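To start, the structure itself, in structure tokens.
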Amino acid sequence: MTNPFCELVGVELPLQQAAMTRVSTSAMIAAVSNAGGLGMVAVGRSPLAAVTAQIDELASMTSRPFGAGFIIEYLNPDTFEPIVDRFDIIEFFYAWPDARYVVPGKIVGWQVGSVDEARAAVDVGCGYVIAQGFEGGGHVRGTTPLAELIPAVRDAIGEVPLIASGGIGCAADVRQAIALGADAVRIGTRFVASAESDVHPRYLELLIEASADDAEYTDVFAVGWPDAPQRALASAIALAKADGPDPVGYIGSNPLPRRGTTPPNKHTTGQIEAMALYAGRSVGAVTAVKPVAEIIAELMGASS
0 MTNPFCELVG
10 VELPLQQAAM
20 TRVSTSAMIA
30 AVSNAGGLGM
40 VAVGRSPLAA
50 VTAQIDELAS
60 MTSRPFGAGF
70 IIEYLNPDTF
80 EPIVDRFDII
90 EFFYAWPDAR
100 YVVPGKIVGW
110 QVGSVDEARA
120 AVDVGCGYVI
130 AQGFEGGGHV
140 RGTTPLAELI
150 PAVRDAIGEV
160 PLIASGGIGC
170 AADVRQAIAL
180 GADAVRIGTR
190 FVASAESDVH
200 PRYLELLIEA
210 SADDAEYTDV
220 FAVGWPDAPQ
230 RALASAIALA
240 KADGPDPVGY
250 IGSNPLPRRG
260 TTPPNKHTTG
270 QIEAMALYAG
280 RSVGAVTAVK
290 PVAEIIAELM
300 GASS
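Be aware that the sequence shown starts at 0, since it is given in numbering that gives the first Met the number 0, and climbs by one per residue.
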């Protein structure tokens, strides 16, 4: 059976890796693409030189498709065009869909949190839509559970390829999302806990220990990006709210403000457990650090 998402972006599996700043390494992206899914570069606030270097590195690691994810809040107009020139697939998050970013000749996606936003994405010319359910980790756009959002968005956008995102951590979740009308799934938290991730070892330990109910919706990690609610580990939220040092730590010599948005990577020092330890409700499926290829095999092995 054909799959509209796979046909559109040129992959074998109906699976996309979430673009995650300071988490999505070249090794992770290449592993997702080499396994048949769609790997995604997280542009975030990265300068042009860093993104260009990563693209060059990825070109030596995979010949499969990969794309770039932009957060509108951090999009730099001066570097946007040269970055986009290097990709066939680009997508955007955390702003109302805008035709200015639907670049001719590119496959453009938009991550949305509501039916109205999904309609707007199609209206401005997006080639695919990511519907993010309330269960998702990191920054959360909407308030609707994924099981309600998928069929509603499917009805609203017709045959435009639809990716389901938020709380998907096992093969049963994949099957349910596709049965509800999604063409593919978007995976974040499971890949945060992959062997190819760049996150701090203590962050990994806490993900393994957590249950779904430990992933709480919050607005506490707002320094640097206000009015953008998140889902993170409850223990980190509690510690971030308590009195403590500010900055909470450092990445190299760069200070990290208390309640800031940056998750701790392997080069981070300080009060790791009080930092932005993002996690979706799929964290209950994280039982060990595993290679990306093994995670994808688990997710997709019984999904058809």
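Every residue gets a Cβ at the ideal spot worked out from N, C-alpha and C, and that includes glycine.
In this text the structure is predicted, and so the values were computed from the model without any measurement.
What does the alpha-carbon distance come out to for the pair Gln16 and Val107? 16 Å
Per DSSP, Pro254 is paired with what? Tyr249
Provide the residue span of the alpha helix (DSSP H) that contains Ile82, from first to last. Pro76 to Val83
Name the DSSP beta bridge partners of Trp109, please? Phe91 and Val128
Between the C-alpha atoms of Gly279 and Ala48, what's the straight-line distance to the nearest angstrom? 31 Å
Can you check which of these residues, Pro254, Gly251, Leu255 and Leu205, is closest to Leu232 by C-alpha distance? Leu205
Within a Cβ cutoff of 6 Å, which residues of the same chain sit near Ile177, ignoring the five residues on either side of it in sequence? none
From the DSSP output, in three-state form, read off Asn264 for me. strand
In terms of residues, what are the limits of the alpha helix (DSSP H) holding Phe4? Pro3 to Val8
Run the CB neighbour count on Glu147, radius 10 Å, all protein chains shown included, and call it buried at 16 or more, exposed below. exposed
For Arg21 and Asn264, which I take to be in contact (beta-carbon distance under 8 Å), what is that distance rounded to the nearest angstrom? 5 Å
Across the stretch 192 to 209 and the stretch 241 to 256, are there enough close Cβ pairs to call them in contact, namely three or more that are closer than 8 Å? no
Using C-beta distances below 6 Å, list every residue in its chain close to Pro3, excluding the 5 sequence neighbours before and after it, in chain order. Pro160 and Asp182
Should Val291 be labelled buried (16 or more other beta-carbon atoms within 10 Å of its own) or exposed? buried
Per DSSP, what kind of secondary structure is Ile271 in: helix, strand or coil? helix
First and last residue of the uninterrupted alpha helix (DSSP H) at Phe69: Not the alpha helix (DSSP H): Phe69 falls in the beta strand (DSSP E), residues Phe65 to Ile70.
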